[in-house]
Structures are given as C-alpha cells and as structure tokens.
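Residue numbers for the sequence shown follow the working numbering, so the first one is 14 and each next one is one higher. Structure record follows, encoded as structure tokens.
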Amino acid sequence: MRFINSKKSKPEDLKPSEIVQQVLSTNLQENLDKLKFLVQGCSDVVIKDFKFGHNPTVRGIIVYFDGLVDKSIIELNLLKPLMLEMDMSNQQIDFKERDIIATLQEKILSIAELKTLDNLQELCHHISSGDTVLLVDGYALGLVASTRSWQGRPIQTPENEVVIFGPKEGFCETLRFNTALLRRRIKSTNFKIESMVIGRITKTDVVLCYIDQLAPPELIKEVKARLEKIDIDGVLDTSYLIEFIADDRNTMFTQAMHTEKPDRVCGNLLEGRLCIMVDGSPMALILPISFPQYWTSSEDYSVHYVPASLFRILRFMAFWVALLLPSIYVAIITYHHEMIPTPLLLTIAATRQGVPFPAFIEALVMDVTFELLREAGLRLPRAVGPAVSIVGALIIGDAAVKAGLVSTPMVVIIAFTGIASFVSPSYNAAIIIRIARFGFLIIAGVLGFLGIMVGLVLMITRMASLSSFGLPYLSPLAPFNLKQITDVLVRRPWFNDQERPYLEGMQNQVRQGDNHEK
C-alpha cells in the first residue's frame, strides 16, 4: 500500500479516500484535524486530549470507538500512568532528551500488546477493531493498545449439529473466542492461525487454520492465493468466501463443509485439512472435502465403532431414500405396474380412485408443500415454528386425502422421504438432496426408470468431474481407494486407524504407531 504525504492540502480540500492514504504528521493538531474529518458523523468515537510529563509537558490524544473497548483498561493502563502516576512518582523523565514513544512502550504503559503505526489507514482500522490509538505531539508515529472488548453471544450448544455423545461446545460470532476453542484442543506450536483482512469497507478479519507438517504446503499456498485475490466491499459470513475460492463456482455441490463444532474442525485439521473462519460468523469452513464426508458425523468418533458403523450405514440408506423414493414411486405407478405385486397394485389403484392428477403432479405438489412447511418451521419464532410445521403437515395431508386431491400412499411416501432427508448430519448434503430430488422426480415422470438411470449417470458423472481444492469430489470412491473406503461406509476402529486419509502433498500420513494391536 502506497501512502500519500500531502502536508499542504487541508482536510476539507481532499476526499476521505485521499486523506486515509496519508501518513501521520509530526504536528499533532494536523493529525487531529484529519482524524476529525474522517470520523465526522460518527457519534460513538471518543477523542481524549490531555497532557503528561514534567519537563516539559507533552500533548497527546487517545482515540477509540465507544462500545468496542474495555474502558477500565484505558483508564487504568493508559490514562492513569500518563496523567497521574508520572506526576506522583519521584522519577522525573526528561522528554527533551528521550524518544517519547520508546519510553512509553518500555517504561510507562503496562498494556501487554503495544505496537506502532505510521498512517491514517492503519489508525482507522485499529480503532474500528476495538483498539485504542495514542498520538503524541512531535512524533509521526502512533501507539496501538489492545483494548478490545464487546458484547457477544456466549459459547453455546450448536443448534444445527446436535449430538448425544461428544463435546457440545459451538462457535460464536467472536473470532478470537473461536480460535481459542481450537487452540485449547490442539496444544501444539505446529497449529498455525494466519490472519488477513478482506473487504474494502468492512475490513473483516479472516483466519486460515492448519497444522504445519500435516497440511500439504501447496494446498496452503493455493488457498492463501485465492483468498488474497478476493476484492469485495464487505464479507459478513464464511459463505461469501467459498463462492470466490471454490474450484467450480457453477454447481450446486458445495466444495467446503460448514460446521459449528470445534471438535469437528480439530478432527479435520488432524487429517491435514484447512479451516477458514470469519469474524462475525459462527460457521467454519473445512476444506478440501469429498462428498462421502457428508455421511459422517462428529458423534461417530465419540461412540463405539460398532454402533457408529450401523448409524453410518443407516444414514447412507436414508440418503438414497430421500433422493430417489418419490421418483421411484412415480415411475412405478406411471410406467412399470408389473414391478409390484398384484394385491399391492390393486390397493394403490383403489386409493387413487377419484384423484384428478397424475402421480407426477401429485408428488410434485406434495413435495413442494412439504418444503414450504419445512421453511415455515425454520423461519417462524422458535416457540411456534415446530408446532406450525407439524400441525400444518397433519392438517394439510388429512384434508388433501379427504378432498380426493392426493392419495394416501403419496402422503406416506412424501412423509417418509422428508424424515429420511433429516437424517443427514450435514445441512450442505440436505440442500443437495432437496434440489436433486426435484430433478429426479421430473425425469421419472417423463421417462420412468430410464429417466432415473439417466439422471443418476449424469449426477455421478458431474460429481466425478468436480474437485475440492485438488481433492476428487467422490474420493475415495472414485478414484477407488480400498484402504480409505473402509472408513466411509463404516467407522474404522481407532486401533486400526494407523494412517490419515490421503491428501496429495501431505507430509505425514502416519497417525499412530502399531503398538495397539493385540
């Protein structure tokens, strides 16, 4: 960044974008005038003008935004040492012969985090982030004191990833609290948290987390390069970033996993993956990922491997039910009557007597209605949302059957499909299923089982062509890896989990020794 030094221009003669690029002046009043011009209209800014020292007295100012700082730190660790303790102490500091900035850093101020800045852009960024800046007359440097403290949501149980066993802490909207949750679990200096600022207006803090000597260096370099290329006015959530840095942006298949659970992030970091977190968002991004990871839950690794494997198989079956059950039913009823037993066919035909719509329209209307009820339950207040969605589904389903608009088997099929779609532990996978199900339903209504097979071939081909930051999207199913596939459909026992999932460029794939075998 190139900073401009325009001493001859008055603040009112320049635009704010030009003033903010300037370096600090040795004239405190000039700096103060520029600063007041930049923060005009900001009623929450506090500028404290004061003098300190004996021989001679020195003028200084502190600047901060009210509500972002801990005022007790400012009063006890900044103003009190400068304005009171220096006057009350017997030691007379001659500021004529000393570097005031260095003296304040080394002898006077007791705040642990102190650093210098020399331009207005850094000054504005730090005070907007909750720091306090001290400017001293006669110096073109400012002191930044870390005084950040603001109200935020405390650490709570994640609402979107409920578990019975295992840790129940969830991320909140404060970035530093989130990184502390990870650091508390991974007590190693190899655990790196690199920060950057993205957003021309919001100046949002973004961190990239990884474990050095585990994560592939080329992957780290590539993700950093993609993040640094982002040029946008504001970043308010992690979802902003994935749309910029994904390998393929024009697909419904998400190429990074969202999670609110610190333990899930740590588990993926220990497998050589990376994590991106954004200040103000409780969601972390895990990358690279493959689609089979959506079948796994963090709870799988907190229970015995036998029930965990059974639950994973159940989720795998629920995935196919949620994706294909309505389309298979429509295809059978419309084109393939011979595939079901005659008594069952007669029963279904009897229930469909008087229904004015074909099975395809019937299923489409019911599926859309179910999705509307699901969204209504999510958007309504928590006290009434579940009740409205459940009661609404019962009333609408019963009324539709009695009115002869839909058949009873169709209500059962859509209800069973909806239940299966809730089994997925990842909301990303649930969204993919919900979108793809409509595609399969339409093509089944047109071509029957042939359409379903064509749809499956197209979907699998598309997924096989994708990659998540170099990792094949269907790995380890395609390309097939027998050693790693044992931890996809079932949960591999810890004592047999000697190696981490393979990532190209991984420096250390060995997870544990071989002394656990009996």
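Ideal Cβ positions, reconstructed from N, Cα and C, are used throughout, including at glycine.
- Look at the segment 327–392 and you find no whole run of beta strand (DSSP E) that is 3 residues long or longer.
- Judged by DSSP secondary structure, K205 falls within the beta strand (DSSP E) whose first and last residues are F204 to I211.
- The bridge partners DSSP lists for D62 are I74.
- Beta-bridge analysis with DSSP links N191 to no other residue.
- Rounded to the nearest whole angstrom, the CA to CA distance from V76 to G431 is 55 Å.
- Bounds of the beta strand (DSSP E) holding I289 are L287 to V291.
- For K47, the three-state secondary structure derived from DSSP is helix.
- Boundaries of the beta strand (DSSP E) around C222: T217 to I224.
- For L133, the enclosing alpha helix (DSSP H) starts and ends at L133 to S141.
- Judged by DSSP secondary structure, T272 falls within the beta strand (DSSP E) whose first and last residues are M270 to T272.
- In the DSSP assignment, L240 falls within the unbroken alpha helix (DSSP H) covering P230 to E241.
- Per DSSP, G155 is one residue of the beta strand (DSSP E) stretching across G155 to A158.
- Using a 10 angstroms sphere on the CB of M423, the tally of other CB atoms reaches 16 or more, which defines it as buried.
- Taken in chain order, the complete alpha helix (DSSP H) segments of 4 residues or longer contained in the segment 453–499 are 462–478 and 495–498.
- With respect to F178, E312 sits close: the two C-beta atoms are nearer than 8 Å.
- Rounded to whole angstroms, the separation of the alpha carbons of I427 and F383 is 8 Å.
- Exposed is the label assigned to D79, since fewer than 16 other Cβ atoms lie within 10 Å of its Cβ.
- Around the beta carbon of V71, 16 or more other beta carbons sit within 10 angstroms, so the residue counts as buried.
- Rounded to the nearest whole angstrom, the CA to CA distance from D527 to M330 is 34 Å.
- By the C-beta criterion, the segment 163–175 is judged to be in contact with the segment 262–273, since at least 3 inter-stretch pairs fall below 8 Å.
- Scanning its chain for C-beta atoms nearer than 7 Å, with the 5 sequence neighbours on each side dropped, one finds around C137 the residues V33 and L51, in chain order.
- 8 Å or more divides the Cβ of A125 from the Cβ of Y307.
- At least 8 Å separates the beta-carbon of C222 from that of L283.
- For L282, the uninterrupted alpha helix (DSSP H) run begins and ends at P275 to L282, by DSSP.
- At a Cβ-Cβ threshold of 8 Å, L37 and D144 do not count as neighbours.
- Around L41, the same chain offers R72, G73, I74, L148, V149, D150 and G151 as residues with beta carbons nearer than 8 Å, after the five sequence neighbours per side are excluded.
- In this structure G483 does not touch L194 by the C-beta definition: roughly 28 Å separates them, more than the 8 Å allowed.
- Beta-bridge pairing by DSSP links L300 to L287.
- Less than 8 Å divides the Cβ of P339 from the Cβ of A376.
- Distance check between H139 and each of K61, V220 and K216 places K216 closest, using alpha-carbon atoms only.
- When L81, D380 and A413 are compared, the shortest CA-CA separation from R365 is found for A413.
- With the rule of 3 Cβ pairs closer than 8 Å, the segment 251–260 counts as touching the segment 478–497.
- Take the alpha-carbon of T187 and the one of I86: they are about 20 Å apart.
- Beta-carbon to beta-carbon, L287 and A335 are separated by about 30 Å, too far to satisfy the 8 Å threshold.
- Exposed is the label assigned to S478, since fewer than 16 other Cβ atoms lie within 10 Å of its Cβ.
- For the pair Q134 and L48, the Cα-to-Cα distance works out to about 10 Å.
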